[in-house]
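A.B. asks:
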Amino acid sequence: MGWGGGTQVFDTLVEALREAKVSDKQFKTILVDVNEALECQDWDNLCESDYYDDPQIKDIFDLWEEEDDE
Numbered sequence: 061m062g063w064g065g066g067t068q069v070f071d072t073l074v075e076a077l078r079e080a081k082v083s084d085k086q087f088k089t090i091l092v093d094v095n096e097a098l099e100c101q102d103w104d105n106l107c108e109s110d111y112y113d114d115p116q117i118k119d120i121f122d123l124w125e126e127e128d129d130e
């Protein structure tokens, strides 16, 4: 898929989840799962996301990176 495609999928999903006003718990669970799936497709350019500096998204990226460190 490449990093560009992964970023587009991730950012589109963030927008859709926010528009749907899912709960914070659902938002986090879904995006953590998507991060794991995208990582399997070699998406590791988190900083390319339009939401990289968003505090809620940063928290999810931090969780994801912690899992990689284990």
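Residue numbering for the sequence shown follows my numbering, beginning at 61 and increasing consecutively. Using N, Cα and C, we set each Cβ at its ideal position, and we do this for glycine too.
Looking only at its chain, what residues have a beta carbon closer than 8 Å to the beta carbon of Tyr120, apart from the 5 residues adjacent to it on each side?
C.D. replies: In the sequence shown, the residue the question calls residue 120 occupies position 60. Contrary to the premise, residue 120 reads as Ile rather than Tyr in this sequence. Answer for Ile120: Lys88, Leu91, Val92 and Asn95, listed in chain order.
A.B. asks: Alpha carbon to alpha carbon, how far is Asp102 from Thr67?
C.D. replies: Taking the first residue of the sequence shown as position 1, residue 102 is located at position 42. Taking the first residue of the sequence shown as position 1, residue 67 is located at position 7. C-alpha separation (whole angstroms): 11 Å.
A.B. asks: Could you tell me whether the Cβ atoms of Asp71 and Asp114 are closer together than 7 Å?
C.D. replies: Looking up residue 71 in the sequence shown gives position 11. Looking up residue 114 in the sequence shown gives position 54. In this structure, Asp114 does not lie closer than 7 Å to Asp71 by Cβ.
A.B. asks: Could you check which residue in Ala80, Asp84 and Glu79 has the C-alpha nearest to that of Ile117?
C.D. replies: Here residue 117 refers to the residue found at position 57 when the sequence shown is read from its first residue. Among Ala80, Asp84 and Glu79, the Cα nearest to that of Ile117 belongs to Asp84.
A.B. asks: Less than 6 Å between C-beta atoms, sequence neighbours within five positions excluded: which residues of the same chain meet that for Val74?
C.D. replies: Position 14 of the sequence shown, counting from 1, holds the residue named residue 74. Here the set comprises Tyr111.
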